[in-house]
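Novice: Take this structure first; my questions come after.
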Amino acid sequence: MADTAFWRTKPLSEMNDVEWESLCDGCGKCCLVLLRDEDCDDVWETNVACRLFDAKKRQCSDYANRLSRVRGCVQLTPDNAGALDWMPDTCAYRRLARGQDLPDWHPLVTGDKTSTSAAGMAVATPLLNEDDVDPDDLEDHITKRRN
Ligand code: SF4
Ligand code: SF4
C-alpha cells in the first residue's frame, strides 16, 4: 500500500492524469441536479440527474465534451476542489484538498471498483433525466440535504 498510496504523498497539483482520474470513486453525486436555498444557502439533492449522466454506469456519457455540452458542468481542479461547497463531503478530490484521507471504502483503498456502491455511497437509483422534468417541479424531487 505504501508504494501505491500516491494520494498520501502527492499534492493534487502534482498528480498525473491517470492518478487524478483514479481518485473519482464513481459515486455520481456531482451529476445530480441540486437546488440551493437562497435564504440559508443549504444545498439539496434531487433524484434528477444531468442530461448526460448514464445512471446505469454511473458516469458521464460524454466526458470528453462535457464542459461544452452542459452549461454548469464544472471541471474539478486542484485549485477549486476544496472550495466547491456543493460537492459531497465524501468526494475524494474535496477530501484531499481539505487535508483528509480517502475513506476506507474508496476503490483505491479497497482495490474493488464496486466498493463505493457496496458501502452505500453512490447515488441511489432510479434517477430521472433532467430533460424529462419540468424545472418548475424540481422541488418535488428533493431527496435530502447535501453535506
Ligand atoms: S462527487 Fe467526486 S468522487 Fe463522486 S463522482 Fe463526482 S468527482 Fe467523482
Ligand atoms: S456533463 Fe457529465 S460530468 Fe458534467 S454534470 Fe453532466 S453527467 Fe456529470
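Per our numbering, the sequence shown runs over residues 1 to 147.
Each residue gets a CB set at the ideal place from its N, CA and C atoms; glycine is no exception.
These numbers were taken from a predicted model, which means no experiment stands behind them.
#1: Is V70 a contact residue of ligand 2, with contact defined as CB to any heavy atom under 8 Å?
#2: Please report the straight-line C-alpha distance between V70 and Y63, rounded to a whole angstrom.
#3: So who's on the other strand from L32, going by DSSP bridges?
#4: Secondary structure at T9, three-state DSSP: helix, strand or coil?
#5: Got a sec: does ligand 1 put a non-hydrogen atom nearer than 8 Å to the Cβ of Y93?
#6: In three-state terms, what does DSSP make of N65?
#7: Starting from the Cα of S68, find the closest Cα among M15, L52, F6, K113 and give me that residue.
Specialist: Based on what the coordinates show:
#1: Indeed, a heavy atom of ligand 2 lies less than 8 Å from the Cβ.
#2: 10 Å
#3: A49
#4: Of the three classes helix, strand and coil, the one that applies to T9 here is helix, per DSSP.
#5: yes
#6: helix
#7: L52
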